[in-house]
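Okay, so here's the structure we're looking at.
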Amino acid sequence: MKALEEYSWCPAVQEMLRQAEKLDIETAWCRYEAQLPQCGFGELGTCCRNCMQGPCRIDPFGEGPQKGVCGATADTIVARNLARAIAGGAAAHSGHAKHLAHVLLLWAEGKAPDYTVKDEAKLKAIASRLGIPTEGKDIPEIAKEVAEKALEDFSEKETPVAWLVTNVTKGRAEKAVQYGVVPTGIDSAISEVMHRTSYGVDADPINILMGGVKCALADFAGCHMATDLADVLFGTPKPLVTIANMGALKPDAVNIALHGHNPVLSDIIVQVAKEMEEEAKAAGASGINLVGICCTGNEVLMRHGIPPITHSVSQEMVILTGALDAMVVDYQCIMPSLATVAECFHTKLITTIPIAKIPGATHIEFREEAAREAARQIIRMGIEAFKKRDPAKVRIPNYTHKAFAGFSTEAIVWALSQVNKEDPLKPLIDNIVAGNILGVCLFAGCNNVKVPQDSGFLTIAKELARNNVLLLATGCGAGAFARHGLLTPEATEEYAGEGLKAVLTAVGKAAGLEGPLPLVLHMGSCVDNSRAADVAVAVANRLGVDIDKLPVVASAPEATTEKAIAIGTWAVTAGLPTHVGVVPPVLGSPLIAKVLTQDVKDLFGGYFIVETDPKKAAEKLLDAIRERRKGLGI
Amino acid sequence: MGYEVLVRPERCISCYACEVACAREHGGLSNVWVLPQGVPILCRHCQNAACLEVCYTGALEQRDGEVIFHREKCTGCELCLLACPFGAIGLDGKRAYKCDLCSHRRQEGLMPACALTCPAGAISYSCVADFSHRKRGIAGLSWAMGYERRGK
Amino acid sequence: MKEIFVRLDRCVGCHSCELACAVEHSRSKNIFEAISETPRPRRRLYVEYVMARKMPFLCRHCEDAPCVRACRTGALTQDPLTRIVTHNPDKCIGCWMCTMVCPYGVIGREWERRIALKCDRCPGREIPACVEACPTKALVFMEQEEFARLTRLEAAEEVAKSYRIAG
Amino acid sequence: MKVVPTICPYCGAGCPLGIKVSNGEAIGIEYITDHPLTKGALCPKGNAALEILYHPNRIRSPMVRERGGWREIGWDEALELLARRLMEVKEKHGPDALGFLSSAKATNEENYLFQKMARLLGTNNVDHCARLCHSPSVVGLRKALGSGTMTNPIPDLANSRCIFILGSNFAENHPIVSRWVLEAKDRGAFVIVADPRYTPTAQLANLYLPLRPGTNIALLNGMMAVILREGLADFQFIAQRTKGFEALRASLSDFSVEKASEITGLNPADIVTAARAYARSEASAIIYCMGVTQHATGTDNVLACANLALMCGQVGRPGTGLFPLRGQNNVQGASDMGALADLLPGYVPTTDDGGRRRLASLWGREDLPPKPGLTVVEMMEAAIEGKIKAMYIMGENPAVSDPKAGDTLKALEKLEFLAVQDLFLTETAQLAHLVLPVACWAEKSGSYTSTERRVQWSEKAVEPQGVLSDLEIIGLLGKKIGLWDKTFSPEEVLREIGLAIPAYRGITPERLKASTEGIFWPCPDQSHPGTPILHRDRFLTPDGKANFYPVSHQPPKEEPSLNFPLIMTTGRMVAHYNSGALSRNILPLSRYAPSLWVEINPQDAEEMGLVEGERVRISSPRGEVEAMVRISEKVIPGLIFLPFHFPGVNFLTLKELDPEARIPAYKVSACRVEKGGSHGV
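Chains as they are written, first to last, in my numbering: chain C, 1 to 634; chain V, 635 to 786; chain D, 787 to 953; chain G, 954 to 1634.
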């Protein structure tokens, strides 16, 4: 019986946890407790199941076995496991991107009429970056070429992955070539990791690690491609305001939650929902109320202002409100337990993608060729479920916060250009140099059941803001800030140090806001970490130094997924000191642990900071920023 | 299924809440007895229960981990009282009475009254696994602290 | 007499001891067959997580064991020589008195027969199954004197080291 | 069948109690398992609460005393009589000849309206039994911390790492508290109990300190001396959040653990252990109760507790704080509502012109009487002196509960007019000229404030038979007198309370009814979630800082003498409740102790040749009582213990008052025990 704050800092989640206890419904936190203690070999990364002579485990205390059957040491085993995790993350991100590329191609070929190219300018910009001539071509034609170029990037070819090399600084690209970690295909990088880590191939821990780095760079390409193509198809986000947290559920409306990662279906649902208001009213509802969970939620938040209501580890809680009529999911971060919780309520859990089905859920197969039809079918299912809602079971936690979102790279540059038309980055750079902004921190990553939900994000962000660090956020991290009111000008007034407050106020005023910009800038879903990378690349290019010299850091205080490991690895490769608030499964090899936290600095400039205490983590991040500033002589 | 009334005698504060609650639920007669030592005694619903084995009228029956008493078959011979190793069977003048784990409450999905009402949390209606797990957690605290002091 | 000692700082929480215990108390004594046996073989020791520490709990076979005292049917008996507390399932009536008085929470339930279940120190084995299965040697089976010697050695090592550092 | 949620009518813990109602009749109790305080638990009294409802001894009609007995009269006649007699006295002798006793068992609304009536009649002579239990907490903690209430909720005790229990036997009096103390213990907390008697609470302790009665300050100061000597105080906390530490340090400079040991009779090593455990733990809580307050030095005792907590920085965080456990289900609420002679609703002193006039204008008056009224015990003295001519007592039984109760009987008998409003014909009601029967807790709705400051709504479960609720009676009476022109629903009154008391501003009937767990005041507006933990960032004092008040040990007012060689202390037992007006009438409870008993140490018993079960006469300079002997090592030699639920016990107790809080020194009196009662052996 822990205090509720030890589970989650989100008051809505706390209320639902109490409800879960009352209704005797199992949550992720219960299952975590049942798992305790977790196996130390897994925690340390020293369990190998890559062949059937195993499983092999290495005794960390030195009295038991020190090698696997094949002779692999703890170093080899840990490196292999880590590389495979990166491959998993890269597969997820790039799978997301590949999906979008297919949609763009289908549209260009006229086979997916429900889509359109919303941002033609961005399409052309991408084309020109890739060296595709656009002169005299119509949009479908350009789209087709861009899509084909994107799909080409997945398979093995002679040239480097285009989405990687065209989106980083020259210096970074050279480093990658220098260490032989330039992938020539995203899928091939993933399969190469699987090959070299299988029985009896690569045993050199450092060599395996470099394979992992290569795969992480492929992951970066995948992320960037996903962001690019989503912007092309659904529009590049612009600043907007909405509300966050479970109070956004409406007791009298058909509440449908969009959960997962890809806007391919959810964006269409947002469009179609407007047309189906009458149908909902006929069923006795006041209308259709769409809400977002996790990164699908972030996608529709960034483009349509759909309220994000919860994230990651607390996804089951939304069903516990008894007011959710349907939850439609695509893929990634979807707990299979949702189906079990939904069974206790009237809520329909709807899976839509052939590679992501859940026992107990209803599957409506989504085809891009008939996207609107699928969307309609799903909403109708929500309306039907609404009729079966039991008002006695409804308990909506009455918590909401105003939240500003939609800060794509383009939007940030636009806001800065309101201060300086000719050279938009100048105000930012000047303020960094002058020390009004000490540095920049990008928050990414999930919530993790091992960390009181949101505690890592909030503690570190407040501490950094007080020290005038400009804060960017993506994914469920951004969601945490949204639910706690940190994506607001009020939070800037309350938590920002004087210098930061002055800058955010000046930019905010210039951009036509009443007050300052929000304390944390929400840049999108977790694949949209590429947006933050773009900002860093632009600043580096403008200054003429490489990223590994900039006072920019990253933090994933509550990281969970393999995707987070992949992102962390490319962030380090990109030159960023990168904090992780959960101990990754690498400590079984002191060598690998040392390489990741120290030696890698000599190779790429970035390195991992592993620190589970958020207060200390904030200190370490500040130290890293100060060290960088010293290096720049500012 | 699998639930037992389990007692942590070290928690009992001898407040008699269980007795009063049990008596209320069972027409004025309590089937649980709080001894001054701070131990609530009530039917343990034994396997191969002694009371059941000596009962020749078939008034006692074992089913699903529960010893069920059929009052209408009881002749008040008191043999079960003699056989019970815990003294957990009473006699209301003519017939025996004993804990029925609040069968009337369980039918409505409610816990036995004594376990719910115990202010000190000495009586619980739980499964052995959970009960022992919790005890291990408590015992582990001092063990862990001992190690901490050792500097490990 | 040898006892099972726990070197707490070495437990990594892999649950190997629990699996080995259940297998040892199965008919087949083979994990692949044991998992489909009825009654399901059950573990008699438990790896818990307390204060961020992984802790294997097993019967301490206490001197003047409270469970033996509380047992009203004589199902639990203690060998005066070895101090091993043995449980006789035929005499057990599932009254849970032993469970309720055990200070360590190591008396469980045999599900199917609704009777108590506890460590029997693996009669017939030279080394108890849990000890043998422990990959980090957190569980050791030795004389009390031998175990104390281990701790002494450790302490002496630390003292000697600091002495050397001090020059 | 439906389950109606009510609040248990016994102690101050405020446990929820579901009443199963079928066809308008209460047929049983159901446990409310989703309440954070109890998780469904109820003590024996709560379990037997329904017995009150259909009790044959309940009075069902207003009655006037006439020569030779009681005559039943109609409600109209009764109210007419009451109004007329009160107004006659007022006109003849002035409003201060009236005395009003409000009730810690009545709802917030009833208390509010009752004191409003008294004050509109022009007197501040309105008080209630909080005076007799926790007025030192109200006075002392207000001075030290700015609020005289419990700082943290009871379930928060589970987060404590060290719990210091002083003069509280919650295992019997607030059994639900033991759940959370035991929970903390399960999580490794160290529990210290200081009590002259080895109570069931003391059995929970890791360290038991059997101190001599009346030596609390010596123990606390001894602990503080240890803490200062060993540098265990939280100096950062002291510097940032408190004032007056230097004076305290100076006052302790010549005090030592040895002196403390000499005064308290405790082993000095134990005092040191207690001090270290309390000061070093991450979160330490102090639970105290009437063993601390019911002394002539009650306020000083409370201040010493506050000093200890402040010195160690053990306030304002989860698991820390001070827990004065209040005795009655609405003693906190009645105090909040201003049923106190010197304080208006919201603890505004009657002498505070601004606050008083603000309230007056809310009530449509220019001003209210500024002079503080007479307190419970003072009213009785004034009655003996003939200054108070008429009293109106709502749901209290001073004839049993007042100290030196012989005086109280004299006082009540001397009154020109006494009206008593109660469930049963209590010892006090038997002296009344007019008795009004009232509805019990389940027959009315309204809000109660638990000792935790948790305001909760109690729903009406069944219709009252032949009786009216206190609120209806006061409403009708006020209408008859002409104070107002209508009667009020509880909801209406609660809304007015929100206007009168800032801490209750956000507490509305709607919110309370919708909430299963109530709202902790202060709750300044309707969107405020309430304040479970006080003093988190600042104290409620005007400048936000807490104050140290150095105090020193003073010997009890009465020491054992040749004639009265024993010390007597009093307390409660689990099956009974306060004056026993409720519990002695209820068989499932009274069977555990049908009559008065006295606990005597075996050594003393042997000296006097007493045997278990024997009847003895116990006398003090003020009176005597008979009891049955229970020989027990729970009391130390030289000490006897009597439960105060039975008439007569308080004939023996001392009426010496604490100079500030005006609480009588119940807990220590000299006495002697003699063999043989009137019933023989």
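Note that beta-carbon positions come from the ideal geometry of N, C-alpha and C, so glycine has one too.
Residue-level contact to chain V via CB, residue i, 8 Å cutoff
i: D/G799; result: no
i: G/N1531; result: no
i: D/R839; result: yes
i: D/E834; result: yes
i: D/C916; result: no
Alpha carbon of residue i to alpha carbon of residue j, nearest angstrom
i: D/C908; j: D/S812; result: 12 Å
i: C/G88; j: D/E943; result: 45 Å
i: C/A385; j: C/D325; result: 5 Å
i: G/P1153; j: G/L995; result: 17 Å
i: G/R1038; j: G/G1431; result: 13 Å
i: C/T340; j: G/V1179; result: 57 Å
i: C/D219; j: C/D623; result: 28 Å
i: D/A934; j: G/N1260; result: 47 Å
i: C/Q35; j: C/V451; result: 15 Å
i: G/M1521; j: G/V1329; result: 23 Å
i: C/G64; j: D/L939; result: 19 Å
i: C/A566; j: C/R31; result: 26 Å
i: V/C677; j: D/T859; result: 15 Å
Buried versus exposed call for residue i [16 or more other C-beta atoms within 10 Å across all chains shown]
i: G/A1222; result: exposed
i: C/A12; result: buried
i: C/V328; result: buried
i: G/L1592; result: buried
i: C/Q178; result: exposed
Residue-level contact to chain C via CB, residue i, 8 Å cutoff
i: D/T922; result: yes
i: G/P1271; result: yes
i: D/R830; result: no
i: D/R954; result: No statement about residue 954 of chain D is possible, as the shown extent of chain D runs from 787 to 953 and does not include it.
6 Å Cβ shell around residue i - same chain, five flanking residues per side excluded
i: C/T27; result: A20 and E316
Short Cβ contact (8 Å threshold) for residue i with residue j
i: C/A496; j: C/A244; result: no
i: G/A1614; j: G/P1089; result: yes
i: G/I1450; j: G/R1084; result: no
i: G/A1336; j: G/L1368; result: yes
i: C/H259; j: C/T227; result: no
i: C/L349; j: C/G305; result: no
i: D/C920; j: D/C803; result: yes
7 Å Cβ shell around residue i - same chain, five flanking residues per side excluded
i: C/V272; result: R372, A375, R376 and I379
i: G/I1454; result: D1289, P1298 and G1299
i: G/S1014; result: E1025, P1390 and G1419
i: D/F791; result: V926, M928 and F933
Proximity test, Cβ basis, 8 Å: residue i and chain G
i: V/L669; result: no
Within-8 Å CB hit, residue i to chain D
i: V/V641; result: yes
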